[in-house]
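Protein chains: 2
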Amino acid sequence: MEKLTKLELELMNILWRLREASVREVREAIVDRKRPAYTTVQTVLLRLEEKGAIRKTRKIGNAFMFEPAITRKSAYRRLFDDFLELIGGSPRPLVAHLIESGKLTLEDLKALEKPAPKKGTKR
Amino acid sequence: MEKLTKLELELMNILWRLREASVREVREAIVDRKRPAYTTVQTVLLRLEEKGAIRKTRKIGNAFMFEPAITRKSAYRRLFDDFLELIGGSPRPLVAHLIESGKLTLEDLKALEKPAPKKGTKR
DNA sequence: GACGCGCTACTACACGTGTCGTAGCATCTA
DNA sequence: TAGATGCTACGACACGTGTAGTAGCGCGTC
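Line order of the protein sequences matches chains B and Z.
Residues in the first sequence are numbered consecutively from 1, following the working numbering.
Residues in the second sequence are numbered consecutively from 1001, following the working numbering.
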């Protein structure tokens, strides 16, 4: 699977949440920052399609609807592994940093030690 | 601090290890893959200097020697935070993936829970 | 059925990054 | 000291990514 960029990831997150959306809907869903131009979103969505990360489903009016063609998990896995390689293969310093900076608490770790916290936190 | 790219990181890692090195020495230290051209290494080293990540120390013959101007820790911190933002701020899926894939064992976590394993594992 | 608005398709462009070549100067050697 | 070797300085280029504009077609509305 091709690697996704920052902006591509942002749009993928919207699509994973909405399940299916048009260019306009994806753009409207960007709320925490200045929205890029309509055609910017369109371009990136097209690139995502070329990369095989999303696909067109149907048309509503003259607008295409898009849906994810890959799972969030598989996309993230790719990112994780790439990142691991970037920092030399060992996750230790990363985890140490997370704990040090308080981004990951001991409670989190304890929860993760167990098989799985309970399926249902997704969506 | 500016963000470092993959290749820049690779060269930084060599410099952090050698403490001080010339363009040639840095290039020679690349062993696990096809060495880039001499001038490629030179160019990237120059860019690293512009970014303030390394500095020239002295000349040996007509060759400059370079040394790191930033710590590995601070460079990594920048990467970690950027990466966290990329995956939406939560380290949970990351840690879950690490455990799942066996890259991080429960023993690692236990060791990290304690204040610090002992200063001296560096270098 | 004509019109307008919105959507698609295509093009374009700047910047970062990995990659390298060339020119010319400096240094060491014979 | 003159030549060879090696280093620096600088330029260049392709590709990915974020960004947007324009042309033109089609759908829904009146």
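Where is the CB? At the ideal position from N, CA and C, for every residue including glycine.
Computed from a predicted structure; not experimentally measured.
Item	Value
Rank B/Ala75, B/Glu10 and B/Glu20 by C-alpha distance to the C-alpha of B/Arg35 and give the top, closest one.	B/Glu10
Roughly how many whole angstroms lie between the Cα atoms of Z/Pro1093 and Z/Thr1057?	43 angstroms
Z/Ala1096 versus chain B: which residues are under 7 angstroms apart at the beta carbon?	Leu112
Using a C-beta cutoff of 9 angstroms, does B/Leu18 count as contacting chain Z?	no
By the three-class DSSP mapping on this structure, what secondary structure does Z/Pro1068 have?	strand
Z/Gly1088 touches chain B at which residues, Cβ-Cβ below 7 angstroms?	Asn13
Could you name the residues of the stretch 23-37 of chain B whose beta carbon sits closer than 9 angstroms to any beta carbon of chain Z, in the order they occur along the chain?	none
Check each candidate in B/Ala29, B/Arg78, B/Pro68 and B/Gly61 and name the one with the smallest Cα separation from B/Leu46.	B/Pro68
Starting from the Cα of B/Leu98, find the closest Cα among Z/Leu1106, Z/Thr1071 and Z/Leu1079 and give me that residue.	Z/Leu1079
Using CA coordinates, which residue listed in B/Gly88, B/Lys6, B/Glu100 and B/Trp16 is at the minimum distance from B/Met73?	Reading off the sequence shown, one finds Lys at residue 73 of chain B, where the question assumed Met. It is B/Trp16 whose Cα lies nearest to the Cα of B/Lys73.
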